[in-house]
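Asker: Submitted below is the structure of interest, expressed as structure tokens.
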Amino acid sequence: MAPAGLAGRESRRGARRRPTWPTARPHVPPPGSARDLRVGHACPPRRLHGFIPFSGAPAPLYKPLQPPVTNRLLTHTPRTKPSSQSNKPARNTHRYPPSSSNRARATPFLPCSLALRAMAPATADAAGAAVGGRVKTALGVAACERDAEKLELIEQLTKGFDDEQQRVLAAILARNNGAEYLRRHGMEGCTDRDAFKARVPVVTYEDLRPEIERIANGDRSNIISSHPISEFLTSSGTSAGERKLMPTIEDELDRRQMLYSLLMPVMNLFVPGLDKGKGLYFLFIKSETKTPGGLPARPVLTSYYKSDHFKYRPFDAYQVYTSPTAAILCTDSFQSMYSQMLCGLLVRTEVLRVGAVFASGLLRAIRFLQLHWKELARDIETGTLSAKVAEPSIRAAVAEVLEPNPELAAFVAAECGKDNWEGIITRMWPNTRYLDVIVTGAMAQYIPTLKFYSGGLPMACTMYASSECYFGLNLRPMCDPSEVSYTIMPNMGYFELMPHDPETPAAAVSRDDPPPRLVDLADAEVGKEYELVITTYAGLCRYRVGDILQVTAFHNAAPQFRFVRRKNVLLSIDSDKTDEAELQAAVERAARLLAPYGASIVEYTSEADATTIPGHYVVYWELMLKGCREALWPEAAVFERCCLEMEEALNSVYRQGRNGDAIGPLEIRVVRGGTFEEVMDYAISRGASINQYKAPRCVSFGPIIELLNSRVLSKHFSPACPKYGPPKK
1 MAPAGLAGRE SRRGARRRPT WPTARPHVPP PGSARDLRVG HACPPRRLHG FIPFSGAPAP
61 LYKPLQPPVT NRLLTHTPRT KPSSQSNKPA RNTHRYPPSS SNRARATPFL PCSLALRAMA
121 PATADAAGAA VGGRVKTALG VAACERDAEK LELIEQLTKG FDDEQQRVLA AILARNNGAE
181 YLRRHGMEGC TDRDAFKARV PVVTYEDLRP EIERIANGDR SNIISSHPIS EFLTSSGTSA
241 GERKLMPTIE DELDRRQMLY SLLMPVMNLF VPGLDKGKGL YFLFIKSETK TPGGLPARPV
301 LTSYYKSDHF KYRPFDAYQV YTSPTAAILC TDSFQSMYSQ MLCGLLVRTE VLRVGAVFAS
361 GLLRAIRFLQ LHWKELARDI ETGTLSAKVA EPSIRAAVAE VLEPNPELAA FVAAECGKDN
421 WEGIITRMWP NTRYLDVIVT GAMAQYIPTL KFYSGGLPMA CTMYASSECY FGLNLRPMCD
481 PSEVSYTIMP NMGYFELMPH DPETPAAAVS RDDPPPRLVD LADAEVGKEY ELVITTYAGL
541 CRYRVGDILQ VTAFHNAAPQ FRFVRRKNVL LSIDSDKTDE AELQAAVERA ARLLAPYGAS
601 IVEYTSEADA TTIPGHYVVY WELMLKGCRE ALWPEAAVFE RCCLEMEEAL NSVYRQGRNG
661 DAIGPLEIRV VRGGTFEEVM DYAISRGASI NQYKAPRCVS FGPIIELLNS RVLSKHFSPA
721 CPKYGPPKK
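Structural data, given as structure tokens:
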């Protein structure tokens with residue numbers, strides 16, 4: 001049944017039909033958003049776990065009558081762009097992830113037996129009997145035969161999980177046979193899994209830095225991959241505070257698109273009728289640069305939004321979105337957010353789901369509405385777009401849907417003018433079924449705030465992905481955020497697990513160390529924690545991603561994981577990740593400003609404060625003055641400079657987030673003397689060993705935060721944004 005308000009709108013024959021966006025407009029993910037993705041949202045950003053409200057329109061994955069190919073990648077034909085002769089707008093082309101149905105191609109991620117099965121129409125034998133237009137499958141009753149094919153594909157992949165993993169590894173080794181890295185480790189001409197494990201070391205980013213820098217500087221030889229590196233996807237900061245550059249290849253977009261195409265068939269099992277309305281997703285691109293060798297270096301979602309996969313996606317009733325592509329691709333965050341919010345308000349009764357890549361991004365949108373609702377209401381009332389939005393492509397796109405609507409403007413003003421913003425999402429968009437955001441990992445801190453603003457709407461976590469690789473999806477996307485588990489898809493890459501002890505984490509591994517004992521995913525044990533290790537088509541071999549996962553169950557033979565945390569990360573607000581070493585260096589740098597006053601830092605800790613929008617870092621300092629010279633206690637301006645100095649010392653991802661209003665100003669809270677002794681006493685009273693106790697560098701436990709806040713003498717915020725420029729590499 002159509003949501004309230006839709007049927008009535010369709011019956012008003014006299015109403016002017018809204019124009020829709022042109023077909024050749026780019027699209028969005030996340031890469032869900034991935035979320036990023038995040039992915040996991042949209043993902044994220046950072047790890048895009050639980051992320052992504054994207055799934056492209058299901059499309060044929062293989063060319064008809066493609067002959068079988070063993071242990072090698074199938075080739076594909078270029079994506080066909082829309083003809084320039086057709087300038088007519090196509091209805092409802094705001095979609096999330098693009099589908100690949102507008103080009104015939106074979107894709108490199110399935111064995112031929114599954115390829116042939118994917119091409120065949122769903123039947124009672126293959127996918128179950130049809131029931132009233134719906135089709136029974138092992139995962140549930142599919143909305144249509146097309147969905148049934150996708151769900152059957154998930155079943156086939158997860159039933160033959162280890163066989164598929166072995167095939168994928170052999171395919172990766174075969175296609176990269178000429179790569180220098182594999183030759184160096186004695187793998188030339190070898191596709192054997194046991195030999196691979198015995199000869200190829202487990203590595204971190206620092207181990208691969210020399211190879212990556214050669215590629216970034218313009219070396220086009222087959223260093224890690226026999227296929228050309230097409231671009232670098234930027235990930236979180238290195239020990240030097242700059243971004244990681246993750247190499248990728250052209251056909252990686254095909255693999256990612258294939259995973260996107262599975263998301264909506266799964267979601268349709270739990271939320272029917274999504275083809276009767278639209279999705280309001282707040283999606284943005286970030287700055288990019290080129291390496292010295294001329295390759296693009298940009299976040300994974302920026303890469304996706306700018307790709308032909310996004311720009312030339314075909315129409316899909318399940319993937320209709322409110323945001324113009326021009327707004328998504330605008331680098332000015334204000335113009336982008338303003339136009340996306342305005343377009344979402346114009347069709348408020350048609351919106352069935354609201355989302356962003358990360359939970360923090362959706363809260364930022366709510367904060368934007370709080371600050372700018374008067375301007376938005378004025379634009380709706382007059383049918384004219386604010387002069388603050390100057391980008392011609394955005395103005396042209398918004399002009400297609402904006403017309404005077406005094407009634408809607410009065411409603412927006414009345415609702416947003418109230419002091420109580422509880423449930424504002426469902427008040428503004430009354431037919432919203434769920435929120436599509438990443439709320440696992442570091443994003444879990446935003447769940448209470450999202451519940452407040454949404455009136456308790458369910459939060460869907462759909463996908464787990466990262467800059468290095470896309471991993472899998474959530475087969476129960478509407479479950480409680482605390483119960484989210486991701487099913488790894490064995491065709492996305494070759495995966496191994498490094499056992500992880502939460503009490504005594506393993507030491508860092510370098511290429512000079514003997515290979516640690518790794519576990520195949522098929523041999524994972526329920527309840528245990530592991531660090532994920534990946535081998536990708538782009539040439540990463542046995543690479544430690546840094547994600548700590550806990551096995552929760554198995555779907556057929558495929559393990560399901562709960563995302564526990566990023567390894568060694570203390571603080572995270574958006575796509576930033578700050579570890580202990582980086583925080584320590586920032587504190588030491590700021591402490592130098594206290595020296596002229598005879599002051600020094602006795603102890604410190606920190607927290608990621610998600611109660612503000614946007615969230616921000618809070619650092620607690622306990623100070624000591626030499627000679628008790630209270631008269632020389634630093635002035636407030638000194639502490640403010642300390643805040644900015646700390647921000648200048650943090651990584652480029654953090655600094656970009658600050659400049660883009662994704663992260664609030666860093667705050668220093670000075671606590672009275674003896675506070676950290678009280679914290680220690682509290683910890684010991686709860687069973688901590690006095691001999692082994694050390695002050696935590698990050699706190700999240702409520703009683704300790706309350707204790708710290710009760711001892712605060714003064715609070716200080718960074719007075720400006722730290723310097724930020726896109727990385728040179």
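The opening residue of the sequence shown carries number 1 in the UniProt record's numbering; numbering runs sequentially from there.
Where a beta carbon is used, it is the ideal one built from N, C-alpha and C, also for glycine.
#1: Report yes or no: do the segment 272-291 and the segment 448-468 share at least 3 C-beta pairs separated by less than 8 Å?
#2: Looking at the structure shown, is lysine 276 part of a helix, part of a strand, or coil, going by DSSP?
#3: Which residues mark the beginning and the end of the beta strand (DSSP E) in which aspartate 547 is found?
#4: Report the residue from Glu211, Ser235 and Arg243 whose alpha carbon sits nearest the alpha carbon of isoleucine 229.
#5: Give me the Cα-Cα distance between asparagine 659 and leucine 362, rounded to the nearest whole angstrom.
#6: Is the Cβ-Cβ distance between valine 437 and alanine 356 less than 7 Å?
#7: Which ranges would you report for the alpha helix (DSSP H) in the segment 296-321 if only whole runs of at least 4 residues count?
#8: Whose C-alpha, out of Ile380, Lys418 and Cys541, is nearest the C-alpha of asparagine 176?
#9: Curious, which full-length alpha helix (DSSP H) runs of at least 4 residues does the segment 318-363 contain?
#10: Counting along the chain, where does the alpha helix (DSSP H) carrying glycine 657 start and finish?
#11: Between the Cα of serine 572 and those of Ala399, Val699, Leu521 and Asn491, spot the shortest distance and give me the residue it belongs to.
#12: Assign lysine 577 to one of two classes, buried (16 or more other C-beta atoms within 10 Å of its C-beta) or exposed (fewer than that).
#13: Under 7 Å Cβ to Cβ from alanine 317, same chain only, skipping five residues before and after it: list those, please.
#14: Please confirm if the segment 191-202 is in contact with the segment 214-221, defined as three or more CB-CB distances below 8 Å between the two stretches.
#15: I'd like to know whether the C-beta atoms of residue 730 and cysteine 642 end up nearer to each other than 7 Å.
#16: Can you give the Cα-Cα distance for threonine 426 and arginine 711, rounded to whole angstroms?
#17: Near glycine 140, which residues of its chain fall below 6 Å by C-beta distance, leaving aside the five closest residues on each side in sequence?
#18: Using 8 Å as the threshold, is the segment 178-192 in touch with the segment 546-562, meaning 3 or more CB pairs across them?
#19: Rounded to the nearest angstrom, what separates valine 569 and alanine 586 at their Cα positions?
#20: Among Gly423, Arg589 and Asp574, which one has its Cα closest to the Cα of alanine 581?
#21: Please say whether threonine 322 and valine 354 have beta carbons closer to each other than 7 Å?
#22: State buried or exposed for leucine 114, treating a residue as buried only when at least 16 other CB atoms are found within 10 Å of its CB.
#23: Any idea what DSSP makes of aspartate 501, helix, strand or coil?
#24: How many angstroms separate the CA atom of glycine 160 from the CA atom of aspartate 523?
#25: When the Cα of glutamate 607 is compared with those of Leu385, Val439, Leu283 and His616, which residue comes out closest?
#26: Is it buried or exposed, serine 225, if we count other Cβ atoms within 10 angstroms and call 16 or more buried?
#27: Opposite lysine 136 in the DSSP bridges: which residues?
#28: Straight-line CA distance for leucine 521 to arginine 562?
#29: Answer yes or no: do leucine 173 and alanine 216 have a C-beta to C-beta separation smaller than 7 Å?
#30: Should the segment 375-383 be regarded as contacting the segment 456-463, the criterion being three or more beta carbon pairs within less than 8 Å?
#31: Ignoring anything shorter than 4 residues, give me the alpha helix (DSSP H) runs that lie fully in the segment 152-185, in order along the chain.
#32: Would you mind working out which of Pro696, His716, Ser685 and Ile684 sits nearest glutamate 635, comparing C-alpha positions?
#33: To the nearest angstrom, how far is the alpha carbon of proline 324 from that of serine 652?
#34: Under 8 Å: do the segment 389-400 and the segment 304-320 share three or more Cβ pairs, one atom per stretch?
#35: I think leucine 342 touches valine 266, with their Cβ atoms under 8 Å apart; what is that distance to the nearest whole Å?
#36: Report the option in Phe639, His372, Leu532 and Glu603 whose CA atom is closest to the CA atom of proline 596.
Answerer: Put simply:
#1: No, the segment 272-291 is not in contact with the segment 448-468.
#2: DSSP places lysine 276 in the helix class (H, G or I) of the three-state scheme.
#3: Going by DSSP, aspartate 547 is part of the beta strand (DSSP E) stretching over 543-555.
#4: Isoleucine 229 has its Cα closest to that of Glu211, out of Glu211, Ser235 and Arg243.
#5: In this structure, the CA atom of asparagine 659 is about 18 Å from the CA atom of leucine 362.
#6: In contact: valine 437 and alanine 356 (Cβ atoms closer than 7 Å).
#7: Segments of the alpha helix (DSSP H) lying fully in the segment 296-321: 300-305 and 308-311.
#8: Asparagine 176 has its Cα closest to that of Cys541, out of Ile380, Lys418 and Cys541.
#9: Counting only runs of at least 4 residues, the segment 318-363 fully encloses the following alpha helix (DSSP H) elements, listed from N- to C-terminal order: 325-328 and 333-346.
#10: It spans 652-659 - the alpha helix (DSSP H) in which glycine 657 sits, taken as one unbroken run.
#11: Among Ala399, Val699, Leu521 and Asn491, the Cα nearest to that of serine 572 belongs to Val699.
#12: So lysine 577 ends up on the buried side.
#13: Here the set comprises Asp275.
#14: No, the segment 191-202 does not touch the segment 214-221.
#15: Not covered by the structure: residue 730. The range shown for the chain is 1 to 729.
#16: Approximately 39 Å, taken between the alpha carbons.
#17: Excluding sequence neighbours, glycine 140 sits near Leu269.
#18: Inter-segment contact for the segment 178-192 and the segment 546-562 is absent: fewer than three beta-carbon pairs are separated by less than 8 Å.
#19: A direct Cα-to-Cα measurement between valine 569 and alanine 586 gives close to 15 Å.
#20: For the options Gly423, Arg589 and Asp574, the alpha carbon positioned closest to that of alanine 581 is the one of Arg589.
#21: Taking 7 Å as the cut-off, the Cβ atoms of valine 354 and threonine 322 do not count as close.
#22: For leucine 114, the predicted model reports a pLDDT of 38, less than 50, meaning its position is unreliable; a value from the coordinates is still stated below. Under the 10 Å beta carbon count, leucine 114 is surrounded by 16 or more other beta carbons and is classified as buried.
#23: It is coil, neither helix nor strand.
#24: Pairing glycine 160 with aspartate 523, the inter-Cα distance amounts to about 14 Å.
#25: Closest option to glutamate 607, judged by alpha-carbon separation, among Leu385, Val439, Leu283 and His616: His616.
#26: Counting Cβ neighbours within 10 Å, serine 225 comes out buried, since at least 16 surround it.
#27: Looking at the DSSP assignment, lysine 136 forms a beta bridge with Val141.
#28: Taking the straight line joining both Cα atoms gives about 14 Å.
#29: Against a cut-off of 7 Å, the Cβ pair of alanine 216 and leucine 173 comes out as no contact.
#30: The segment 456-463 and the segment 375-383 do not touch, with fewer than three beta-carbon pairs separated by less than 8 Å.
#31: Runs found: 161-175 and 180-184.
#32: It is His716 whose Cα lies nearest to the Cα of glutamate 635.
#33: Approximately 29 Å between the Cα atoms of the pair.
#34: In short, these stretches do not touch, since the Cβ pair count stays below three.
#35: Contact between leucine 342 and valine 266 does not hold, since the beta-carbon distance rounds to 32 Å and is not under 8 Å.
#36: Closest option to proline 596, Cα to Cα, is Phe639.
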